[in-house]
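Protein chains in written order, with the working numbering: chain A, 115 to 481; chain B, 115 to 481. Yeah, the Cβ is synthetic: ideal placement off N, Cα and C, and Gly gets one too. Fair warning: this is a prediction, and the values are worked out from it, not measured in the lab.
There are 2 protein chains.
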Amino acid sequence: MTDRTTGLPVVGMIGAGQLARMTHQAAVGLGLSLRVLADSADDGAALVTPDVEIGAATDWDALERFAKSCDVVTFDHEHVPNALVAALASSGVTVHPGAGALLYAQDKRAMRERLGALDIPIPKWSDDPEALARPFIAKAVRGGYDGKGVWVVDEGDPLPPVDYIVEERVTIVHELAVQVARTPSGATRCWPVVETVQRDGICVEVIAPAPRLSHALTAEAQALAVRIAEELGVVGVLAVELFEVPGGLFVNELAMRPHNSGHWSIEGSVTDQFEQHLRAVLDWPLGDTRPHRPVTVMANLLGGESTNLAQSLPAALAAVPSASVHLYGKAARLGRKLGHVTVLGDDVAETRELAQRAVAALRGDAE
Amino acid sequence: MTDRTTGLPVVGMIGAGQLARMTHQAAVGLGLSLRVLADSADDGAALVTPDVEIGAATDWDALERFAKSCDVVTFDHEHVPNALVAALASSGVTVHPGAGALLYAQDKRAMRERLGALDIPIPKWSDDPEALARPFIAKAVRGGYDGKGVWVVDEGDPLPPVDYIVEERVTIVHELAVQVARTPSGATRCWPVVETVQRDGICVEVIAPAPRLSHALTAEAQALAVRIAEELGVVGVLAVELFEVPGGLFVNELAMRPHNSGHWSIEGSVTDQFEQHLRAVLDWPLGDTRPHRPVTVMANLLGGESTNLAQSLPAALAAVPSASVHLYGKAARLGRKLGHVTVLGDDVAETRELAQRAVAALRGDAE
Numbered sequence: 115m116t117d118r119t120t121g122l123p124v125v126g127m128i129g130a131g132q133l134a135r136m137t138h139q140a141a142v143g144l145g146l147s148l149r150v151l152a153d154s155a156d157d158g159a160a161l162v163t164p165d166v167e168i169g170a171a172t173d174w175d176a177l178e179r180f181a182k183s184c185d186v187v188t189f190d191h192e193h194v195p196n197a198l199v200a201a202l203a204s205s206g207v208t209v210h211p212g213a214g215a216l217l218y219a220q221d222k223r224a225m226r227e228r229l230g231a232l233d234i235p236i237p238k239w240s241d242d243p244e245a246l247a248r249p250f251i252a253k254a255v256r257g258g259y260d261g262k263g264v265w266v267v268d269e270g271d272p273l274p275p276v277d278y279i280v281e282e283r284v285t286i287v288h289e290l291a292v293q294v295a296r297t298p299s300g301a302t303r304c305w306p307v308v309e310t311v312q313r314d315g316i317c318v319e320v321i322a323p324a325p326r327l328s329h330a331l332t333a334e335a336q337a338l339a340v341r342i343a344e345e346l347g348v349v350g351v352l353a354v355e356l357f358e359v360p361g362g363l364f365v366n367e368l369a370m371r372p373h374n375s376g377h378w379s380i381e382g383s384v385t386d387q388f389e390q391h392l393r394a395v396l397d398w399p400l401g402d403t404r405p406h407r408p409v410t411v412m413a414n415l416l417g418g419e420s421t422n423l424a425q426s427l428p429a430a431l432a433a434v435p436s437a438s439v440h441l442y443g444k445a446a447r448l449g450r451k452l453g454h455v456t457v458l459g460d461d462v463a464e465t466r467e468l469a470q471r472a473v474a475a476l477r478g479d480a481e
Numbered sequence: 115m116t117d118r119t120t121g122l123p124v125v126g127m128i129g130a131g132q133l134a135r136m137t138h139q140a141a142v143g144l145g146l147s148l149r150v151l152a153d154s155a156d157d158g159a160a161l162v163t164p165d166v167e168i169g170a171a172t173d174w175d176a177l178e179r180f181a182k183s184c185d186v187v188t189f190d191h192e193h194v195p196n197a198l199v200a201a202l203a204s205s206g207v208t209v210h211p212g213a214g215a216l217l218y219a220q221d222k223r224a225m226r227e228r229l230g231a232l233d234i235p236i237p238k239w240s241d242d243p244e245a246l247a248r249p250f251i252a253k254a255v256r257g258g259y260d261g262k263g264v265w266v267v268d269e270g271d272p273l274p275p276v277d278y279i280v281e282e283r284v285t286i287v288h289e290l291a292v293q294v295a296r297t298p299s300g301a302t303r304c305w306p307v308v309e310t311v312q313r314d315g316i317c318v319e320v321i322a323p324a325p326r327l328s329h330a331l332t333a334e335a336q337a338l339a340v341r342i343a344e345e346l347g348v349v350g351v352l353a354v355e356l357f358e359v360p361g362g363l364f365v366n367e368l369a370m371r372p373h374n375s376g377h378w379s380i381e382g383s384v385t386d387q388f389e390q391h392l393r394a395v396l397d398w399p400l401g402d403t404r405p406h407r408p409v410t411v412m413a414n415l416l417g418g419e420s421t422n423l424a425q426s427l428p429a430a431l432a433a434v435p436s437a438s439v440h441l442y443g444k445a446a447r448l449g450r451k452l453g454h455v456t457v458l459g460d461d462v463a464e465t466r467e468l469a470q471r472a473v474a475a476l477r478g479d480a481e
């Protein structure tokens with residue numbers, strides 16, 4: 115199964131969105147070429163790697179056929195049914211993260227039960243909507259992302275029509291995220307804790323390192339991430355979304371794959387999350403995660419009313435020559451995550467301004 | 115011809131070696147996917163991009179068919195006959211750099227005649243081996259690279275069996291290189307001047323910026339590169355190899371494509387040479403070329419006696435966690451350029467040592 119020319123292993127990723135696309139870019143440096151299982155030939159990663167199988171991530175036959183052609187299988191998303199992940203492993207496929215860990219990134223109830231049992235700080239939650247005072251947050255147990263599957267429920271509001279849990283609204287000082295990579299051998303490496311800026315439940319900006327976070331909370335966040343990775347047996351990159359609240363930290367959500375909160379690391383860190391994820395699932399030594407510069411800002415590009423990248427890309431490159439632009443090969447649609455921009459610098463405000471200016475130009479906002 | 119989904123242009127590269135491979139990595143960020151004309155499906159870039167035509171760079175039919183499927187055509191190497199480059203342009207294809215410029219990267223005699231006419235400093239040279247005292251350097255007019263096509267000719271030595279020019283041996287203080295990108299609109303941007311370290315005529319190491327170069331010579335080298343790009347009408351990235359000699363600079367050779375002396379820029383500079391080459395041939399605004407850190411060192415990986423990358427890659431990653439490894443997808447052979455390693459740092463000696471240690475581990479040298 116190894117590559118015939120180089121003898122290097124074949125890594126397969128189930129799902130072919132932008133995370134797989136950027137993982138392929140990292141794979142090329144390591145002498146690899148990512149193999150992807152894509153829903154469609156138009157998926158972001160399928161457009162840029164030669165090694166594409168078309169098939170649904172919920173189709174056992176497609177999964178098995180794909181997995182048997184790889185040395186290691188990993189994921190671009192959480193949508194492979196957990197039982198099928200377990201069945202792949204039982205059939206002899208090396209799958210990272212495994213079903214036992216991945217469950218906690220797929221099922222918000224299971225995650226809260228497990229983290230609670232580990233005494234890891236999380237907001238108060240319940241299966242019973244009567245257990246919490248309104249307004250509270252309701253979250254779909256499965257499948258939510260980018261603000262979808264999350265509702266603020268006040269007096270008189272209906273409850274969601276899907277399986278959900280409810281969670282207290284906490285006073286958020288800042289939203290944070292921390293990523294850690296873990297190998298099957300148990301090695302771990304964290305990146306700096308980042309601040310994430312959300313708008314309508316969607317991450318629009320990431321500042322690395324988090325500019326207003328104490329050393330104590332930084333160390334606590336990183337220790338939490340390492341502990342969660344170890345207790346849950348995560349292999350690959352784990353992203354832990356956190357709330358900084360008065361007096362401490364709460365874990366909000368987990369993702370067990372490269373994550374939007376880590377895109378800054380492509381330019382900003384010695385080893386980026388995509389390469390590190392590959393190293394981790396291959397049980398190769400992990401790379402240095404130090405940042406190159408005092409500040410790295412990543413801003414997401416969401417489609418605007420009249421975004422036309424063929425017109426706006428040159429304008430954006432002219433507007434901010436220090437911007438590193440990443441486009442995902444998608445047709446522009448309102449609100450769709452089309453790419454991101456990263457800027458490195460010395461000053462938080464100035465670097466944020468440059469990243470925002472580049473994204474506004476890409477979106478085609480009027481001056 | 116533009117991409118149907120994004121409306122972005124299609125860039126084609128003739129040749130599919132490691133330069134095309136790394137250009138594809140950069141293209142993906144810009145929302146593109148490089149189209150390549152490969153000699154073989156095993157070529158480094160053909161392994162990692164889905165958009166591959168197989169054909170010889172000397173075959174007019176293959177060239178024309180390939181070029182007509184692209185918005186812009188550029189080059190991974192200098193081996194397309196100049197007349198065919200001119201014919202492509204005449205047939206309506208946008209080709210950068212054009213035949214008129216590319217000639218000076220293909221023909222060492224034409225280059226020396228032209229630079230001499232421009233009063234650009236070059237070593238004394240001649241077509242006549244009797245015109246210079248021996249020992250002198252003989253260089254094949256066409257097709258030399260990595261020390262091939264270059265001979266030291268002393269008393270009694272035979273002259274080369276190919277078309278050649280002869281050149282005086284100069285006292286080299288340091289070997290340098292400077293790259294500049296130029297757009298069809300005439301915009302130019304230089305990177306810092308780098309020092310190149312050669313062994314047996316092959317570049318083994320690049321230090322950016324050149325650590326022992328005066329401000330005056332740095333400015334002179336960059337001004338020379340810009341002037342050459344403008345006078346010769348280069349579009350894309352131009353690499354100018356230079357000799358620092360007692361009292362000044364001599365131009366040694368030109369390349370009109372991404373070049374080994376610029377690989378450091380992938381991690382080391384805000385905009386790397388591969389992305390900048392794409393921007394330039396597309397007539398898009400050029401990116402910032404500042405380095406991120408005080409020192410960037412790139413070391414080439416040449417195959418050793420018993421290089422086995424599948425074994426040595428994990429060992430190298432363990433040996434130097436701060437190394438960024440780039441492998442080209444080639445089978446290991448003695449002396450073959452298999453990849454490179456880049457390390458960023460603050461101190462020249464320490465950063466060089468780390469890069470060398472990583473390359474030695476990759477080569478599989480005994481400890």
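query: Val462/A and Ile279/A closer than 8 Å at C-beta; result: no
query: Min CB distance Val439/B to chain A below 8 Å; result: yes
query: Bridge partner(s) assigned by DSSP for Met127/A; result: Val150/A, Thr188/A
query: Reduced DSSP category for Thr332/A - H, G, I as helix; E, B as strand; rest coil; result: helix
query: Continuous beta strand (DSSP E) stretch holding Glu281/A: start and end; result: 278-281
query: Minimum Cβ-Cβ distance from Asp402/B to chain A less than 8 Å; result: yes
query: Proximal residues of chain B, C-beta to C-beta of Asp156/A below 8 Å; result: Thr119
query: Distance between Glu389/B and Ser438/A (C-alpha atoms, nearest Å); result: 10 Å
query: Whole beta strand (DSSP E) elements within the region 264-350 of chain B, 3-residue minimum; result: 264-267, 278-281, 288-296, 302-304, 308-313, 316-322
query: Simplified DSSP state of Val142/A, which is helix, strand or coil; result: helix
query: Residues of its chain near Gly214/A, where Cβ-Cβ distance is below 7 Å and the 5 sequence neighbours each way are ignored; result: Gly347
query: Alpha carbon of Gln470/B to alpha carbon of Arg313/B, nearest angstrom; result: 14 Å
query: Distance, Leu352/A Cα to Glu344/A Cα; result: 10 Å
query: Interface partners of Gln139/B on chain A, CB under 8 Å; result: Gln139, Val142, Gly143
query: Contact set between the region 270-281 of chain A and chain B, restricted to residues whose Cβ is under 7 Å from the partner; result: none
query: Any chain B beta carbon closer than 8 Å to Val162/A; result: yes
query: Residue burial classification, Asp222/B (beta-carbon count within 10 angstroms, cutoff 16); result: Looking at the sequence shown, residue 222/B is not Asp but Lys. Burial call: buried.
query: Cβ-Cβ distance between Val186/B and Val276/B below 8 Å; result: no
query: Exposure label - Pro405/B; buried when at least 16 CB within 10 Å; result: buried
query: Thr456/A beta carbon less than 8 Å from that of Asp377/A; result: The displayed chain sequence assigns His, not Asp, to residue 377/A. Yes, Cβ-Cβ distance for His377/A and Thr456/A is below 8 Å.
query: Bridge partners - Trp239/A, DSSP secondary structure assignment; result: Glu281/A
query: One or two residues paired with Ile168/B in a DSSP bridge; result: Ala152/B
query: For Arg283/A and Ile251/A, believed in contact at Cβ under 8 Å, the rounded distance; result: 6 Å
query: Integer-rounded CB distance, given that Val307/B should sit under 8 Å from Thr332/B; result: 5 Å
query: Beta-carbon neighbours of Pro399/B, restricted to chain A and to distances below 8 Å; result: Pro428, Leu431, Ala432, Pro435
query: Chain B contact residues for Arg393/A, given Cβ-Cβ distances below 7 Å; result: Leu431
query: Three-state secondary structure assigned by DSSP to His373/A; result: coil
query: Selection of the region 449-467 of chain B by Cβ proximity to chain A, strictly under 8 Å; result: Gly453, Leu458
query: For Val287/B and Asn414/B, believed in contact at Cβ under 8 Å, the rounded distance; result: Actually they are not in contact, since the Cβ atoms of Asn414/B and Val287/B sit about 22 Å apart, beyond 8 Å.
query: Simplified DSSP assignment, three categories, for Val439/B; result: strand
query: His373/B: contacting residues in chain A (beta-carbon distance under 9 Å); result: Result: empty, since nearest Cβ-Cβ is about 18 Å, beyond 9 Å.
query: Contact check, Gly261/B vs Lys253/B, beta carbons under 8 Å; result: no
query: Contact with chain A by Leu423/B, beta-carbon distance below 8 Å; result: yes
query: Contact check, Ala159/B vs Asp386/B, beta carbons under 8 Å; result: no
query: Check whether Leu448/B and Leu423/B have beta carbons under 8 Å apart; result: no
query: From Gln220/A, Leu177/A, Ala203/A, Val365/A, residue whose alpha carbon lies closest to that of Arg371/A; result: Gln220/A
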